[in-house]
Structures are given as structure tokens and as C-alpha cells.
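Residue numbers (the working numbering), protein chains in the order written: chain L, 90 to 489; chain Z, 907 to 1291.
Take a look at the structure:
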């Protein structure tokens, strides 16, 4: 089997709720994505989701490194892509391109065996522990409470993650709303908070300590900058809850300081880190340290496939129980608070051609990227509360 | 696709030549051996060299799909949680290998492709395990390997500095047809203490550029190994005797060694790959330990940080047909499905029916003086003295 060519389609979609974190309290109501299709001479097509900003780079890699190669040899092809970008580094935009192509290669490898990816990886079909993640700083208290309640009652989640960081009083109030929502399904809900690198280490220690007077938190995520392993370690030693970090790292090498200095208690992994190939390496390295790993939010919750083979897997983030993109379906379904991988070949992703054509765009519309406003002023220094204008914008909900 | 049964056959392996290290320099050519088959309802069987108490784990496997090998590995490892892997690693390792063989056979591809390797090849180095070989036989062995392009060799040393230095030179000369500067490795199999290792290496490094020294101190002594590494120029390689990623952890976290020896000892292909990935996070190379029919080369070919694999070739595959060979210094794997190993049942039966009269001395006991003082070879122990 040989790779022949790549197609990619950029698309945009409407979110079902306004999403934002400490860096963007007014949030966004549009999302974007990219469907990458790797064609083979045997008619099988591998699907990768991602690489929104790197379509030319992906095209170049396919032409120079993948065309004519057998996709079942994905580890070797992954190495080829990584080694090719030795000098400039395989992080950043190059990482996005490698990760997306690697995903498509794994999809093909599993499809070539006519089996779901979890089986190709060697996993067993099993329910995957997961939690509901709000991305809900722009939501009002009522909207937030309603969303968590729905996640508990309709989807069965027993824990959730709250975006925090700007307004300590509001964060404490909203933590209580989240806890109350999940009391429906769990006696001791899993409570997670995420500051998205908005704090300095000492801010984090003060704020988490105050929260811990009232709540038993399972983890605090990205309480300091991604590369500040000493700061993360400092927080880890000062609070009771676990420090969870790694989401914005790209390569296995990026994790070395975390491991060497035992900077985090829970390691975040995603296929966005050098693809499925590298995500598996990171999980194994963390396993050597007996560190639990958590898989981040993924389109159609496809991370459930990976969870089946990671011996130190803890829990997986679910931002939307059903992908809001509208251009694909996934056969990973959320049932009673667990993710159940399906039996369709490969990743189990099917493209809705009609919808894809309808939603295709030439370029990402303004405000539809994952972090459209960049880092918020005051980050690592002092908290800048949402402005009147930001509050007004957030209050619009998803109305256009 | 379901696992329905298994079969273990035991036999005594008679090698074409004896092998020996510093712990038992006179060596032996007999080794107790086993083969494992895992059978399925579709007639395909997975094969692995090895066996042991498979019965203890079979209830975890029966009725399961062998393609779910990583999940089954987890089941087995969790099952022995309390006692730990040290005592029971053997059968888990063999089962894991047989399951991967099955997984690749069911996908009708060689196992290296199942692991995702780009090519079925990995760099080889020659390892005589030949403390018992005469100087002449030693030369013949390394020259034979060099003629197949192998440009690195490893020598067992540790008991006699004069002879060890002479024999490193013999290995280098034999390999020099493959490279003007062959990779020279030496292995003391934990016979020295750290400070002995530092002193002896100081002497050896006056004469030779050594690529690595293997097991210059005890397997768990990360402080001692690290001390050796800091005081010598050569890399320190170790870990072949460890049984799980958890045992390898202190070596890596403390940056005690420079090369991690990986093998089936850490619970089969699945556990071996975990160790390699952990090493990769530290940019540490891994080197695959030798095995019958070189089957571990399938995984080595797919590892991003694999250095070179040990090839001993003592002639121990008398009842096995296998699908790989050494060419231009690489182990080149074929395209037969799975491990590419077939058992010749007739020859196996013959080995079982006519066992050697003598008992094997494997595994070698630790030699007197280890870690304390060097007990030199005695008259008649080896042909080179």
C-alpha cells in the first residue's frame, strides 16, 4: 500500500456555547478545523484532524517524505518527518503538521487491518474515564450551572473542570456551582481547575490555598508557565492538589525537565504533541515515573483509542460530548460518563461531505481560532478583571 | 478471533560453541530452553522462544483477542501486582512475544511493520560472549562477522588485564576489515566494584578507544554506575538484568548511565518498548540484547533511539527456521508474517528424545571475588591461558 496524495479542507462552525478561558473572558462563538485526507493506491483514505495553519507545510511533507511510502510503517515515517526538521526544530507549526499527518497515518494503518485503531494499538475495548470541561469563563453563573448540570444528568459525568484565574471570588462561587451539579452523579465529584498559565507561581499558591479551604480539588492545571518547571515544582510542593501540566508542550524532549525535576503530578498528553506516535512515547516515559497522564480534549473524543493502551491513563477531557463541528461523526460515544470507543475501522471518523462543502472556508474567520486574543494583559503579574465591554460581549451568548 | 489454548515444549539447546563471561569463564554449550505456542480458534498460532509457568496466566488470556496484546500485557502485569515482576517476568514476556507474533500474522505482515518500522533492518554488533574461546577462535568469530559488514564488537573481560588487553586488540584487528576504527565494547557482567571499574578502565583507555563498557557495577547501583561514567571516557551501558520499567527508573532519573540495554527481560516487546521510550525522553540510546533467531530486531527496527543490536550467533536455532540474516552490518528481517520463525517439529522432537547426558551450567552463578577482588582464571579454565 502506498500513499499517493493529500487533500485538505479548512472549515468553520458555530459553537453551542461561548468559550473562553482566563486569557479571553469575552470568549468566542466560532470554531475552525481542517480535514486532512491521505489517499493511497488501494483506495483507503486516512483522516487527520488539525493543521489549520500549516496546510502548505503538510503538503510539502507529503510530497517529499510520504508519497510512495507504506502508511503501515508509521513509526518510521514519523521519525522521517521529525528528522527532516532537525535544524529548525520539530516544535511549533511543524509539530502541528507532523501531528496531523501522523494521525492520518495511524488511521490508515488501522484501516489496512480493517480494525478500529484501539485494536491496532493493542488495546482492549473498555470504558474510558472522562470529565466535562467547560471552557466557560464567558458563561454567566446560570449558564455555567445549567451546562454542568446537563453534563451530569444527560451524559453522566462525575466530575468537571472549571476555567479560573481572573476573579477569585467568582471562581470560588462557580466552583461551588460545579460541585453542586455533579453531586447528582457522584458523592465526591472530581473537581478540576485550570488557570491556563495566567498566574505566577506565588499567585497560584495563594489562590489554590484559599480554594482548598473549601474544596477538595483533584488538580490545578497550568498554574504557571509551561516551561517554568521550577515554578510548577514550587506550587506542587505548596498545595495539596496535584499540579497538572504539559498541554502546550510539543515534543517528548519538552517533557524532560518535567520528568527530571518532577515538576508535575499529572502529565497532559494529546495527539497534538508529535502525533499519536509521540503521544505514546510521552505516556511511556511518564509511566516510568509512575506519573498518571490525562488526555486533552480531542475532536470526537478520539483520544479514547489512545487511552486503551496507556498503562498510566487517568482521565480524558471532554469539551463537547458530540463534536459541534458538523462535518464529521465519531463512533466514540459518551455513555454514563464514560467514553466508549467504537468498532468502525481506524479512528472511526466519517466525513459528512455535504456539510464539509457547505462549511468550507478559504481561511480561518477572525475569532474562530482556539486562542483568538492571545495572552491576556496582567498574566503572571496581577489579575485584570473582565472589562465592561468584555462582559457585554460575553452576555450576548452565541447570538451572532 | 479468540485464544483457545497453548503449548509449551521444553528441550535442551545444544549450541555449536560454548559461551562464557567473567562469572564462568570456562563456559557451556548447553542451555535449558523452551518454546511457547499460543493457539487461536482460527488455526493461527503465535510462537515465542521461552515458556515457564504459562498456566498461571492462561485464564487471563483464554477467549480474548490476541490483537489486544497491550491490554493483555496490562492484565498479566496487574495480576502479579503483589509479588512483582521479578519472579514471574519470564512467562509474561514469552506470552507477550507470542501475542505480538499473532497480531502481525493476523495482519499478514512482518512484525517490524506492525511496530511501524520504515524498514526491516537494524544495525548489528558482534558479541562473542567468548571468554572461553581461544585467541584464534575469537579472531575467527569477529572476522566472520566483519566479513558481513559488522563494524562493532563486544568482548567479555574482567579477570585478567594482560589477556583482556591482548584480546581487545584481536577483536579490533578482526573487525578492521569492516571499518578502520571499529566500535569496541567490553562487558564485565557486574564482576567489578565501581572503583575497580574506574582503575581498570583507566588502564584500558590508555590503549583503546572504547565505545561502551557494560555492567561495570551492579545492576541496581545507580550511584556506582554514575561514578564510573563520570570518571571514564567510554559510555556506561547497563540494564539487561532489570525486570521492569520501574527498575530502570533510578538509572534514568539519576542520569547514571549513558546507554540502556533493552531486552525481553522487561516483560516482552510491550515492556521493552516502554523502557526505550523512557530512555528516549532523556536522549539516551538503547541497545537490544541478543536473542535466539534475532527476533527482537523487529522492535529494534522501529525504535527511534536504537543504537545497535547484539548478535552472538552461537548456533542455537537447530529446531528453528528464521527469516533474517546479517548483511552490510545490519540485521535484515524478511517479509514473512509475524516473527518469521517456524519451528521444525521433527528436529524439536529429536532434541527432546535424545537429551544430552550432562547437565547445563546455565544460568551462570556469580564468581568468587565479584565486587571485592579479582579471582584470576585458573589453569585449565580457559584455552587462552
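Think of the CB as a built atom: it goes at the ideal place given N, C-alpha and C, for glycine as much as any other residue.
A quick note: this is a predicted structure, and the numbers were derived from the prediction, not measured.
Contact under 7 Å by Cβ, residue 1184 of chain Z with residue 1158 of chain Z: Here the question's residue 1184 of chain Z lines up with position 278 in the second chain. Here the question's residue 1158 of chain Z lines up with position 252 in the second chain. Taking 7 Å as the Cβ cut-off, residue 1184 of chain Z and residue 1158 of chain Z qualify as a contacting pair.
For the stretch 365–377 of chain L, which residues have a CB atom closer than 9 Å to at least one CB atom of chain Z, in sequence order? 366, 369, 370, 371, 372, 373, 374, 375, 376 and 377
Inter-residue Cα distance where the pair is residue 362 of chain L and residue 438 of chain L: For the purposes of this step, residue 362 of chain L is taken as the residue at position 273 of the first chain. For the purposes of this step, residue 438 of chain L is taken as the residue at position 349 of the first chain. In a straight line, the C-alpha of residue 362 of chain L is about 20 Å away from that of residue 438 of chain L.
Contact list for residue 156 of chain L against chain Z, beta-carbon separation under 8 Å: Position 67 of the first chain, counted from the start, is the residue given in the question as residue 156 of chain L. The premise fails here: residue 156 of chain L is roughly 14 Å from chain Z at the closest Cβ pair, so nothing lies under 8 Å.
Would you mind telling me which residues of chain Z sit closer than 8 Å to residue 397 of chain L, beta carbon to beta carbon, in chain order? The sequence position of residue 397 of chain L within the first chain is 308, counting from 1. By Cβ distance, chain Z contributes 976 and 977.
Taking only beta carbons into account, state which residues of the stretch 1153–1175 of chain Z come closer than 9 Å to chain L, listed in chain order. 1154, 1155, 1158, 1159 and 1161
According to DSSP, is residue 367 of chain L helix, strand or coil? Position 278 of the first chain holds residue 367 of chain L. Looking at residue 367 of chain L - three-state DSSP - the assignment turns out to be helix.
Checking contacts by CB at 7 Å: is residue 345 of chain L closer than that to chain Z? Indexing the first chain from 1 puts residue 345 of chain L at position 256. It does; some Cβ of chain Z falls within 7 Å.
Closer than 8 Å between beta carbons: that is the criterion. Which residues of the stretch 137–153 of chain L meet it against chain Z? none
I want to verify the contact list: residues of chain L whose CB lies under 8 Å from the CB of residue 1151 of chain Z, in sequence order. Indexing the second chain from 1 puts residue 1151 of chain Z at position 245. Per Cβ cutoff of 8 Å: 373, 376 and 377.
Which value, in whole angstroms, describes the spacing of the CA atoms of residue 948 of chain Z and residue 967 of chain Z? One-based indexing of the second chain puts residue 948 of chain Z at position 42. One-based indexing of the second chain puts residue 967 of chain Z at position 61. Straight-line Cα distance between these residues: approximately 15 Å.
Where in the stretch 358–403 of chain L do unbroken runs of the beta strand (DSSP E), each at least 3 residues long, occur, reported from the N-terminal end onward? 382–384
So the beta strand (DSSP E) residue 209 of chain L belongs to, where does it begin and stop? Start at 1 with the first residue of the first chain, and residue 209 of chain L comes out as number 120. Residue 209 of chain L -> not in any beta strand (DSSP E); alpha helix (DSSP H) instead, spanning 206–209.
Tell me the residue span of the beta strand (DSSP E) that contains residue 122 of chain L. By one-based count along the first chain, residue 122 of chain L stands at place 33. Its beta strand (DSSP E) spans residues 117–129.
Quick check: the Cα distance between residue 244 of chain L and residue 1018 of chain Z, rounded to an integer number of angstroms? Reading the first chain from its first residue, position 155 is the one you call residue 244 of chain L. Reading the second chain from its first residue, position 112 is the one you call residue 1018 of chain Z. Roughly 41 Å between the two C-alpha positions.
Applying the 10 Å Cβ sphere with the 16-neighbour rule, what's the burial state of residue 113 of chain L? As a working mapping, residue 113 of chain L is identified with position 24 in the first chain. Flag for residue 113 of chain L reads buried.
Is the stretch 1174–1188 of chain Z close to the stretch 1201–1218 of chain Z, with three or more CB pairs under 8 Å? yes
In chain Z, which residues lie with their C-beta within 8 Å of the C-beta of residue 466 of chain L? Looking up residue 466 of chain L in the first chain gives position 377. Per Cβ cutoff of 8 Å: no residues; residue 466 of chain L is ~35 Å from chain Z at best.
Give the single residue among L:402, L:403, L:426 and L:401 whose Cα lies nearest to the Cα of residue 411 of chain L. As a position in the first chain, residue 411 of chain L is number 322, starting the count at 1. Comparing Cα-Cα distances from residue 411 of chain L to each of L:402, L:403, L:426 and L:401, the minimum goes to L:426.
Note down the Cα distance separating residue 188 of chain L from residue 274 of chain L, rounded to an integer number of angstroms. In the first chain, residue 188 of chain L corresponds to position 99, counting from 1. In the first chain, residue 274 of chain L corresponds to position 185, counting from 1. Between residue 188 of chain L and residue 274 of chain L, the C-alpha separation is close to 36 Å.
Confirm, please, whether the CB-CB distance from residue 1144 of chain Z to residue 1109 of chain Z is below 7 Å. Here residue 1109 of chain Z is taken as the residue at index 203 of the second chain, counted from 1. Here residue 1144 of chain Z is taken as the residue at index 238 of the second chain, counted from 1. Against a cut-off of 7 Å, the Cβ pair of residue 1144 of chain Z and residue 1109 of chain Z comes out as no contact.
Could you tell me whether any Cβ in chain Z is nearer than 7 Å to the Cβ of residue 164 of chain L? On the first chain, position 75 is the one that residue 164 of chain L refers to. Residue 164 of chain L counts as touching chain Z.
Within chain Z, partners of residue 285 of chain L - CB distance below 7 Å: Mapped onto the first chain, residue 285 of chain L falls at position 196. Those do not exist, as residue 285 of chain L stays about 25 Å from chain Z at its closest Cβ, beyond 7 Å.
If you measure beta-carbon to beta-carbon, which residues of the stretch 1016–1034 of chain Z are closer than 9 Å to chain L? 1018, 1019, 1020, 1021, 1022, 1023, 1024 and 1025
What first and last residue would you give for the beta strand (DSSP E) that runs through residue 1292 of chain Z? An answer regarding residue 1292 of chain Z cannot be provided, because it is not within the stretch 907 to 1291 covered by chain Z.
Nearest-angstrom beta carbon gap, residue 166 of chain L and residue 1024 of chain Z [assumed within contact, 8 Å]: The count along the second chain starts at 1 and reaches residue 1024 of chain Z at position 118. The count along the first chain starts at 1 and reaches residue 166 of chain L at position 77. About 6 Å; that satisfies the 8 Å criterion.
So with Cβ pairs under 7 Å, would you call residue 114 of chain L a contact of chain Z? If you number the first chain from 1, residue 114 of chain L lands on position 25. So no, residue 114 of chain L is outside the interface.
With a cut-off of 8 Å on the beta carbons, I'd call residue 445 of chain L and residue 416 of chain L a contact; round off their distance for me. Residue numbering aside, residue 445 of chain L sits at position 356 when the first chain is read from its first letter. Residue numbering aside, residue 416 of chain L sits at position 327 when the first chain is read from its first letter. Between residue 416 of chain L and residue 445 of chain L the Cβ distance is about 4 Å, and since that is below 8 Å, they are a contact.
Would the stretch 296–313 of chain L and the stretch 135–155 of chain L be scored as touching if the rule is three or more Cβ pairs under 8 Å? no
DSSP bridge partner residues for residue 1236 of chain Z (one or two, in chain order): In the second chain, counting from the first residue as 1, residue 1236 of chain Z sits at position 330. According to DSSP, residue 1236 of chain Z bridges with Z:1029 and Z:1233.
How about residue 384 of chain L and residue 358 of chain L: are their beta carbons less than 7 Å apart? Translated into the one-based positions of the first chain, residue 384 of chain L becomes position 295. Translated into the one-based positions of the first chain, residue 358 of chain L becomes position 269. Yes. Within cutoff.
Identify, in the order they occur along the chain, each residue of the same chain with its Cβ nearer than 6 Å to the Cβ of residue 174 of chain L, setting aside the five sequence neighbours on each side. In the first chain, residue 174 of chain L corresponds to position 85, counting from 1. Only 183 meet the Cβ criterion.
What are the start and end residues of the alpha helix (DSSP H) that includes residue 184 of chain L? By one-based count along the first chain, residue 184 of chain L stands at place 95. Taken as a continuous stretch (DSSP letters only), the alpha helix (DSSP H) holding residue 184 of chain L covers 181–201.
Going along chain Z in order, which residues have a C-beta closer than 9 Å to the C-beta of residue 539 of chain L? Outside the shown range of chain L (90 to 489) lies residue 539 of chain L, about which nothing can therefore be said.
Touching by the beta-carbon criterion (3+ pairs, under 8 Å), the stretch 1076–1094 of chain Z and the stretch 1048–1057 of chain Z: yes
Would residue 1113 of chain Z be called buried (16 or more neighbouring beta carbons within 10 Å of its own) or exposed? The sequence position of residue 1113 of chain Z within the second chain is 207, counting from 1. The residue in question, residue 1113 of chain Z, is exposed, as its Cβ has fewer than 16 Cβ neighbours within 10 Å.
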